[in-house]
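Engineer: Pasting a structure here, questions to come.
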Amino acid sequence: MENKTGKYLKYAIGEILLVIIGILIAVSINGWNEDRKLKKAEQSILKDLKQEMTINLKALEFAIEENERSFQTAIEMRALFRDRVAFDKMLDSLFYELIRKLNWNVTYDPQNGILNSIISSGQINQLSNKELKYLLASLKELTTDAIENTLKIEAQRDDLMKSAWTNAMIIKDGKNLGYNVKSIYEHPEFRWATNHLFYFQRQDGLKEENELTATLEHIIELIDENINK
-14 MENKTGKYLK YAIGEILLVI IGILIAVSIN GWNEDRKLKK AEQSILKDLK QEMTINLKAL
46 EFAIEENERS FQTAIEMRAL FRDRVAFDKM LDSLFYELIR KLNWNVTYDP QNGILNSIIS
106 SGQINQLSNK ELKYLLASLK ELTTDAIENT LKIEAQRDDL MKSAWTNAMI IKDGKNLGYN
166 VKSIYEHPEF RWATNHLFYF QRQDGLKEEN ELTATLEHII ELIDENINK
């Protein structure tokens, strides 16, 4: 009787162990399947983000290139302010071209559809790289800081340049016969715009924009490191 009871207990314990092992295997498989789903979702997010960040990087590089031309023109113009002889020898057409390039201003306007979506939906938490999550979460603020100077230039340049051009009008009998382009050289608002907007403000803006470029490049590097990881 005791032998039968012992065998029964061993059998029962064995059955219980098999059930426990089965449960553990099922839980493990479910966990593995869930991890695989999360990984697949993360990969999809990363690929979408890379496409958006790459587009934005190219747009920012274009803005910097154009704004750098304006800055270099401001340097030339400031040199002319100190060299009246060189200015007097300059053709009207060349001075006009300098003014045109000086007044060029490109504001970086990024595409943020994917980024805004993953932040608002909470999908950003599916990203496993902590540094990448932090940079993406703070990118909007970094971008706002980077384009602040360009926006200030945009807000003021039209009125200042319009004032300079209005002053340069050649009016006879109530008719505008054209413009004395080189008279803009002496216009106080034009000089102020050249020095304060297109030189000092632009210099600070380019510094911020180049720092944002480095951030975008680093974000793309982190994305690449985590794609198909």
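Its first residue numbered -14, the sequence shown is counted upward by one per residue in the numbering used here.
We treat Cβ as the ideally placed atom computed from N, Cα and C, and that holds for glycine.
Given the structure is predicted, the values throughout are model-derived calculations rather than measurements.
Going by CA-CA distance only, name the one from I40, L45, E27 that's closest to E193.
Structural biologist: For E193, the nearest C-alpha among the options comes from L45.
Engineer: Applying the criterion that 16 or more other CB atoms from any shown protein chain within 10 Å of the CB defines a buried residue, is N41 buried or exposed?
Structural biologist: So N41 counts as buried.
Engineer: Look up K160 in the DSSP assignment and give the residues it is bridged to.
Structural biologist: Its beta-bridge partners are K157.
Engineer: Which residues in the same chain as Q96 place their Cβ atom closer than 7 Å to its Cβ, once the five residues preceding and following it in sequence are excluded?
Structural biologist: Cβ neighbours of Q96 beyond the five flanking positions: E37, I40, N41.
Engineer: The alpha helix (DSSP H) with A71 in it runs from where to where?
Structural biologist: Looking at the DSSP string, the run of the alpha helix (DSSP H) that includes A71 is 69 to 74.
Engineer: Suppose the cutoff is 7 Å on Cβ atoms and the five residues either side in sequence are ignored; what does the same chain contact list for H172 look like?
Structural biologist: Once the five neighbours on either side are set aside, the close Cβ partners of H172 are A149, N152.
Engineer: When the Cβ atoms of the stretch 70 to 80 are set against those of the stretch 115 to 127, are three or more pairs found closer than 8 Å?
Structural biologist: As far as the Cβ criterion goes, the stretch 70 to 80 does not touch the stretch 115 to 127, which means the pair count is below three.
Engineer: What is the rounded straight-line gap between the Cα of V166 and the Cα of S106?
Structural biologist: Each residue's alpha carbon lies about 55 Å from the other.
Engineer: Could you check whether the stretch 138 to 145 touches the stretch 175 to 192, counting it as contact only if at least three pairs of C-beta atoms, one from each stretch, sit closer than 8 Å?
Structural biologist: Output reads yes: the stretch 175 to 192 touches the stretch 138 to 145.
Engineer: Apart from the five residues just before and just after S55, which ones in its own chain have a Cβ nearer than 8 Å to its Cβ?
Structural biologist: Cβ within range, chain order: K86, L87, N88, W89, N90, F183, R187.
Engineer: Identify the continuous alpha helix (DSSP H) that holds I212 and give its terminal residues.
Structural biologist: Premise fails: I212 is in no alpha helix (DSSP H) and is neither H nor E.
Engineer: Nearest-angstrom Cα distance between E206 and S102?
Structural biologist: Taking the straight line from one Cα to the other gives about 21 Å.
Engineer: Apply the 10 Å Cβ neighbour rule to A59 and answer buried if 16 or more other Cβ atoms are within range, or exposed otherwise.
Structural biologist: Looking at its Cβ environment, which holds 16 or more other Cβ atoms inside 10 Å, A59 is buried.
Engineer: Compare the C-alpha of F47 against each of D94, D33, T129, I169 and name the closest.
Structural biologist: Of D94, D33, T129, I169, the residue nearest in Cα terms is D94.
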